[in-house]
Each structure stands twice: as C-alpha cells, then as structure tokens.
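Visitor:
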Amino acid sequence: LRTKLAGEQYLSHLDLGDRVLLVSDKKFVLLGADGRELLLVKFKHVKSIELFCPLEQNDDGNVAWGVFMTLSSRQSGDTYVEVLRCNDHALATEVLEQLQRGLALVPKSEAT
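Just so we're aligned: the sequence shown equals residues 22 to 133 in the numbering used here.
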C-alpha cells in the first residue's frame, strides 16, 4: 500500500507505545500520545543515525535503548543531537531501520 503523507510518499509508521513515528520519503515526524508533534526532521538534515545501548535501566529492570541522530541546521550551520528513547532493543532496532530506509532515499546532492 502506497499513500501520500502531506504530499509526500508515505513509507511506514511505528507504534512506540506512548508515541508514533511516521516516516515519509523526505522527513519523519514523532507524535505524542495526544497527537501533538514532538519532533519533525527532514532527512536531508540528518548527518548520522546510530543505536546506542543502554541509556538507563527502567523501574521494571528493563534497559532503555536510544537511537541517536546527529542533525545539522542549514540556517545556522549548527550540529545537534536528538535521541529517540525506546524501551527495548527490538523496538530501537526497528526505529533505526525505518529511519535508515528514509535516509537512503535522500539524493546525495541534498544531504548535509
């Protein structure tokens, strides 16, 4: 199934429990439980994506994992890091794979 997401090719979505990740061919958006936009990133601003383990141990004894994204801003030239926290390794790996899939579609001429 291929649909459009705000005029872009929809690639996938991922339920993160209290958040939802929507991925298109140009950007991704992270929505909170109330549907509000928590993070919106164009793939052309992503310099790197990597899995980082473990961030911390949860109250239930499970280890939290993070997907670290190094981003750059074209306006200011600054580089910064965003972290998507995931409650388990499998979910963090799926997030990483979905983001890498979208990042692979960015033409090299547009990448930062």
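Where is the CB? At the ideal position from N, CA and C, for every residue including glycine. Here the structure is a predicted model, which means the values were calculated and not measured.
Provide the residue(s) that pair with Thr100 in DSSP beta bridges, ordered along the chain.
Guide: Against the sequence shown, residue 100 aligns to sequence position 79. Its beta-bridge partners are Ser93.
Visitor: Can you tell which of Arg95, Leu35, Leu112 has the C-alpha that lies nearest to the C-alpha of Tyr64?
Guide: Residue numbering aside, residue 64 sits at position 43 when the sequence shown is read from its first letter. Rather than Tyr, the amino acid found at residue 64 in this sequence is Phe. Measuring from the Cα of Phe64, the nearest candidate turns out to be Arg95.
Visitor: I'd like the list of long-range same chain contacts for Lys47, defined as Cβ closer than 7 Å, with 5 residues on each side in sequence excluded.
Guide: As a working mapping, residue 47 is identified with position 26 in the sequence shown. So the list reads Glu29, Lys63, Phe64, once near-sequence residues are dropped.
Visitor: Tell me the residue span of the alpha helix (DSSP H) that contains Val116.
Guide: Locating residue 116 in the sequence shown gives position 95, where the first residue counts as 1. Element bounds for Val116: 110–124.
Visitor: Is the beta carbon of Gly53 less than 7 Å from the beta carbon of Leu59?
Guide: Here residue 53 is taken as the residue at index 32 of the sequence shown, counted from 1. Here residue 59 is taken as the residue at index 38 of the sequence shown, counted from 1. Taking 7 Å as the Cβ cut-off, Gly53 and Leu59 qualify as a contacting pair.
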